[in-house]
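Please read the structure below before turning to the comments.
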Amino acid sequence: MGPTGQSWPTQKATNSASSAPATSETAECMLTTESTVPAHRIPELTDLMRTAWWMTDRTPADVHHLLDHSDLVIAVTHDPTDQLVGFARVLTDYAYVALILDVIVAESHRGSGVGAVLLDAVVDHPALTDVRSLELVCQPALIPFYHRWGFTTEVGTSHLMRRTTDPRLTAQPVADH
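Numbering (my numbering), first residue to last: 118 to 294.
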């Protein structure tokens, strides 16, 4: 675990982009997008992650670990309440591929533009400008959402393959995310 007060990640993401928070206004509220997650927010991020079917078993230690080993993180907070309402992270080689992972929006803020703020922050991130391919895995119901940023299900003859010890990841999709 990182020491108290540590933010993740600081190495790669903030070297190529401003670490200053960005603000966005949706129909409902002002949102702040940050490229770090302060250590004091780990319990809140863990709780947010646990609302998604594939992350129900995440622990604060897991979240510390994944933040330590992610190349880019985006956290969205609701300004009036300072509540963490969205999160996404990226693993990348900064040249050929960037894999977008763990995209989550608080249930109370779905449909309010938080997901769009997250995707804008990832797709437009200066550190990813030269990356040839942004990739993600999502439930079929979310395909139209990701189409808005140019994502497609047309991947040529490629197929997703997985080796996992987590039976949730090979079961039939769940409709909530």
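For every residue, glycine included, the Cβ atom is placed at its ideal position computed from N, Cα and C. Since we're looking at a predicted model, the values are computed, not measured.
Cut-off 8 angstroms between Cβ atoms - residues of its own chain near R265, not counting five sequence neighbours on either side: Sequence-distant partners of R265 (beyond 5 residues in either direction) whose C-beta falls short of 8 angstroms from its own C-beta, in its chain, are A233 and L236.
Within 8 angstroms, strictly: CB atoms of V231 and G267: No; because the gap between Cβ atoms is not below 8 angstroms, this pair is not in contact.
8 angstroms Cβ cutoff met for A223 and L165: For the pair A223 and L165, the CB atoms are nearer than the 8 angstroms cut-off.
Backbone CA spacing between V214 and S225 [nearest angstrom]: Roughly 32 angstroms between the two C-alpha positions.
Cβ contact check for the stretch 182-199 and the stretch 147-161: 3 or more pairs under 8 angstroms: They touch, by the three-pair rule.
Residue(s) in a DSSP beta bridge with E151: Answer is A192, bridged to E151.
CB of L208 within 8 angstroms of CB of S229, strictly: With respect to S229, L208 sits apart: the two C-beta atoms are not nearer than 8 angstroms.
Rounded straight-line distance, which links the Cα of T198 to that of R158: Each residue's CA atom was taken as its position, placing R158 and T198 some 14 angstroms apart.
Endpoints, the alpha helix (DSSP H) within which A238 is located: Residues V231 to V240.
Cα-Cα separation, T163 to S275: Within the model, the alpha-carbon separation for T163 versus S275 is close to 33 angstroms.
Inter-residue Cα distance where the pair is D174 and P257: Approximately 23 angstroms between the Cα atoms of the pair.
Proximity below 8 angstroms, CB of L201 to CB of E252: Against a cut-off of 8 angstroms, the Cβ pair of E252 and L201 comes out as no contact.
Selected residue, minimal CA-CA separation from I217, among L245, D196 and D283: Nearest option by C-alpha distance: L245.
Cβ neighbour criterion (16 or more within 10 Å) applied to L286: Flag for L286 reads exposed.
Residue span of the alpha helix (DSSP H) that contains L201, given as start and end: Looking at the DSSP string, L201 is not in any alpha helix (DSSP H); the run it does join, the beta strand (DSSP E), is Q200 to T209.
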